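K.L.:
First, the structure itself, so that you have it in front of you.
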Amino acid sequence: MNSSNYLYAAYAATWLIHGFYISVLIRRYFRLRGRISGQTKR
Amino acid sequence: MKRVFPILAVLTALLLAYGFYEAMWVAPTERTMGDVQRIFYYHVPSAWTGFCLFFTNLLASIVYLIWKNPKADALAVSSAEVGVVFCTIVLVTGPIWARPVWGIWWTWDVRLTSTLVLWLIYVSYLVLRRFSDSSQTPVLAAVLAIFGALDVPLVYFSIWFFRTQHPQPVIGGGGSLDPRMLRVFLLNLFTFSCFGAMLCWARYRLEWMQREVDEAEALESLLGTESVSLRDTQVKIAAGKNPRHP
Amino acid sequence: MNFLASITWATLAKDIRLEWRSKDAINSMLFFSLLVVVIFSFSFDPTAEESRQIAGGLIWVAFLFAAVVALNQTWARELRNQVLDAYRVSPAPPNALFLAKALGNFILVSLLEAVMAPLFVVFYNLRALGPAWQLIPITLLGTWALVVNGTFFAGMSLRTRSREIMLPLLLFPISIPAVQSMVEGTRLILSGDGSARFWIVLLLTYDVVFTTACLALFGTVLQAE
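Protein chains in written order, with our numbering: chain A, 267 to 308; chain B, 426 to 671; chain C, -6 to 218.
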């Protein structure tokens, strides 16, 4: 494997992990907002 | 406070993009390692940010144990989680860097092993928080954080001595940096620190919001929906305001 | 100080007496230790030279697994009949309870090691080429290192789901420097490569640091349940 491929793999891995975590946070946020609007409706 | 966060988030994203551009194209290519060395601009700043976050967790845990401030506990869990994310990146990019340069995926040298142990300790911290049913989970977690902090110097010292007995290639060895490389490195160091702080802040706000919602729901089941003050609380949360402040 | 010692002794004596009368825990643990030694001997079957290099690691990993089995039942008796609640409201210092449990576990795990060690020596034809007397402080300090943290984390795991897996999950990362010291020290003594003095000192430091931490924080953990 060409050594530059390792470079791309490392950068891709970094952003994949960060992207995954941010998506987890965003999903939790929207679920929370759903709960809040569920409360105020009642 | 509400306006500041999106602005800073956008700024941080721009900084990250700029840091990426600098790391990939502006920084000069290293003589012996080639382009692969550019991983260094992501690997080391991530390690630095991760360690700072773990240190934040330690301080927040101590504050919580002494003063039982719930904000300290929310900060503790946020910094632990984001710290684990950054530490994971260090442990992933490290071997990817080591393989083409030194021919080995892993070596039990001081830095890598200490990072691995730190990662293990904090993953166990997060597992304890998730699995603990006690209402005193924050106290237990804070105690575990202190144990972890006591352990880290011992880990470092024991591996250091082991390595002086069994020397092995040191990954990411020292040596001075070309000033242009230093500039890119410092830029990415600053950028990732900001990114880590922003993620921690976002996670903290999410945690705090979660606790408010849980509390509101608990109050609702206790008092019933006729309570006027409860309605106020719910309206305030929905509007994004802190229900405790007028 | 006398109060602490007398309560510790009373609790420890109670535990030993109860265990001696029923012997169910100790018997199953002894058999488990034997099984571990046999399985390891089947899985790692090196020649005499290699065995000296890896025996340290094998022995201590086997001890670690046996210790976890022993530690998991530390608080089992106290959970029934609200004994822990009684302890919390009593004027007895929580450190006395912790010390009694830790000492009880220490005796139990040492007993298991005393059974397993000769078996390892037999199966692997071990002979200490270095200063064999150093094995004693390593064993004593190493066992205490595992037991003191294990008893503490067993207490922390009481109110968690999957209690049995929680204990090793918390214990293993924190014990890494201690385990490394035990393994390296044992390897040095068995292969005669040098003195294990550094590792003994490190184990001693580890024990002092964590015994202090456990004694200081056990009250918090006990009250937190």
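Every residue gets a Cβ at the ideal spot worked out from N, C-alpha and C, and that includes glycine.
The structure displayed is predicted, hence computed values, not measured ones.
Taking 6 Å as the cut-off, is the CB of L139 of chain C close to at least one heavy atom of the ligand GTP?
P.N.:
Absent from the structure shown: the ligand GTP. Ligands present: none.
K.L.:
Determine, for F586 of chain B, whether the minimum Cβ-Cβ distance to residues of chain C falls below 7 Å.
P.N.:
With a threshold of 7 Å between beta carbons, F586 of chain B makes contact with chain C.
K.L.:
Is the beta carbon of S486 of chain B less than 7 Å from the beta carbon of A570 of chain B?
P.N.:
yes
K.L.:
With a threshold of 7 Å on Cβ separation, who are the neighbours of R554 of chain B within its own chain once the five nearest residues in sequence on each side are excluded?
P.N.:
Cβ within range, chain order: V502, T562 and A566.
K.L.:
When you compare only the Cα positions, how much space is there between A627 of chain B and V542 of chain B?
P.N.:
26 Å
K.L.:
Identify which residue in C:V141, C:T153, C:E177 and C:G178 has its Cα closest to the Cα of F165 of chain C.
P.N.:
C:V141
K.L.:
Is it buried or exposed for H468 of chain B, if we count other Cβ within 10 angstroms and need 16 for buried?
P.N.:
buried
K.L.:
Between C:L64, C:S26, C:S155 and C:A125, which lies nearest to L96 of chain C when the distance is taken from Cα to Cα?
P.N.:
C:L64
K.L.:
Counting only beta-carbon atoms, is D558 of chain B nearer than 7 Å to chain C?
P.N.:
Cβ-Cβ to chain C under 7 Å: yes for D558 of chain B.
K.L.:
For R301 of chain A, go through chain B and note every residue whose CB falls closer than 8 Å to its CB, in chain order.
P.N.:
V638 and E642
K.L.:
Per DSSP, which one or two residues make a beta bridge with G621 of chain B?
P.N.:
Answer by DSSP bridge pairing: none, since G621 of chain B is not bridged.
K.L.:
Out of curiosity, what's the CA-to-CA distance linking C625 of chain B and W473 of chain B?
P.N.:
15 Å
K.L.:
Considering P161 of chain C, what are the terminal residues of the alpha helix (DSSP H) in which it resides?
P.N.:
R156 to S184
K.L.:
Please give me, in chain order, every unbroken run of the beta strand (DSSP E) with length at least 3 that falls completely inside the region 533 to 578 of chain B.
P.N.:
Counting whole runs of 3 or more residues, the region 533 to 578 of chain B contains no beta strand (DSSP E) stretch at all.
K.L.:
Whole angstroms is fine: what's the gap from V535 of chain B's alpha carbon to W492 of chain B's?
P.N.:
36 Å
K.L.:
Note the first and the last residue of the continuous alpha helix (DSSP H) segment covering W522 of chain B.
P.N.:
Taken as a continuous stretch (DSSP letters only), the alpha helix (DSSP H) holding W522 of chain B covers P495 to W527.
K.L.:
Leaving aside the five residues before and after F58 of chain C along the sequence, list all residues of the same chain whose C-beta is less than 7 Å from its C-beta, in chain order.
P.N.:
V29
K.L.:
Hey, is the region 121 to 134 of chain C in contact with the region 154 to 165 of chain C, meaning 3+ C-beta pairs nearer than 8 Å?
P.N.:
no
K.L.:
With a cut-off of 8 Å on the beta carbons, I'd call T518 of chain B and A276 of chain A a contact; round off their distance for me.
P.N.:
5 Å
K.L.:
Can you tell me the Cα-Cα spacing of F25 of chain C and T67 of chain C, whole angstroms?
P.N.:
F25 of chain C and T67 of chain C: Cα-Cα distance of roughly 17 Å.
K.L.:
Is the Cβ-Cβ distance between S168 of chain C and M159 of chain C less than 7 Å?
P.N.:
no
K.L.:
Taking the Cβ atom as the reference point for each residue, do L537 of chain B and S504 of chain B lie within a distance shorter than 7 Å?
P.N.:
Not a contact, by the Cβ cut-off of 7 Å.
K.L.:
Suppose contacts are defined by Cβ-Cβ distances below 7 Å. Is L134 of chain C in contact with L197 of chain C by that definition?
P.N.:
Yes.
K.L.:
Identify, in the order they occur along the chain, each residue of the same chain with its Cβ nearer than 7 Å to the Cβ of F33 of chain C, setting aside the five sequence neighbours on each side.
P.N.:
L51 and A55
K.L.:
Considering just the uninterrupted stretch of the alpha helix (DSSP H) at Q216 of chain C, what are its terminal residues?
P.N.:
R190 to A217
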